[in-house]
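Numbering (the numbering used here), first residue to last: 26 to 178.
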């Protein structure tokens, strides 16, 4: 607690708009870990300094944490468009340089990951016709047709 007996709270965020609270709430103070950028990498200098961070390092931290390249590439696309303030006709931020229509769900939620592959396509990918007898191939065809009827009405 501080000298007046009130509790202290530590809160971490990448949401830069929250750092503005220190301008209107006297008890709010911003601090960040000093970093040095070098060759598109960040180095944490292990020094706490006053003030909010001048930019987000979330993608670099995600890379350090070992997230897949596909996720990092997608995050960079989203960040690029947000930084360019590019919005579609209804005010939703464009989230891809290629402006993929399937990247926004019907709820307007931005997706970071590609849509999961259709289960029927997954089943077909598992088939090796070179290892099947004609009877097995015909049985598999019937199984796929049945799966399609039951799951894709």
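Note that beta-carbon positions come from the ideal geometry of N, C-alpha and C, so glycine has one too.
Note that the coordinates shown come from a computational prediction; the quantities given were computed from them, not determined experimentally.
When the Cα atoms are used, what is the spatial distance from residue i to residue j?
i, j, result
"residue 148", "residue 85", "36 Å"
"residue 48", "residue 108", "24 Å"
"residue 146", "residue 176", "13 Å"
"residue 179", "residue 106", "In the structure as shown, the chain begins at 26 and stops at 178. Residue 179 is therefore absent and cannot be evaluated."
"residue 79", "residue 41", "9 Å"
"residue 174", "residue 163", "17 Å"
"residue 90", "residue 63", "18 Å"
"residue 38", "residue 31", "22 Å"
"residue 141", "residue 99", "15 Å"
"residue 65", "residue 104", "15 Å"
List the whole-angstrom C-beta distance separating residue i from residue j, where the pair is believed to meet the contact cut-off of C-beta under 8 Å.
i, j, result
"residue 59", "residue 70", "4 Å"
"residue 56", "residue 67", "Going by Cβ atoms, the distance from residue 56 to residue 67 rounds to 17 Å, so no, they are not a contact pair."
Run through DSSP, which three-state label would residue i get?
i, result
"residue 101", "helix"
"residue 81", "coil"
"residue 176", "helix"
"residue 50", "coil"
"residue 124", "Residue confidence is low: residue 124 scores 46 on pLDDT, short of 50, so the model does not pin down where it sits. Its coordinate-derived value is still stated next. Three-state result, residue 124: coil."
"residue 108", "helix"
"residue 36", "coil"
Can you list, in chain order, the residues of its chain whose CB lies under 7 Å from that of residue i, leaving out five sequence neighbours each side?
i, result
"residue 88", "97"
"residue 82", "60 and 67"
Can you name, in chain order, every residue of its own chain whose Cβ lies under 6 Å from the Cβ of residue i, other than the five neighbours on each side?
i, result
"residue 76", "55"
"residue 161", "none"
Return the chain-ordered list of same chain residues with a C-beta closer than 8 Å to the C-beta of residue i, the five sequence neighbours on each side being excluded.
i, result
"residue 46", "53"
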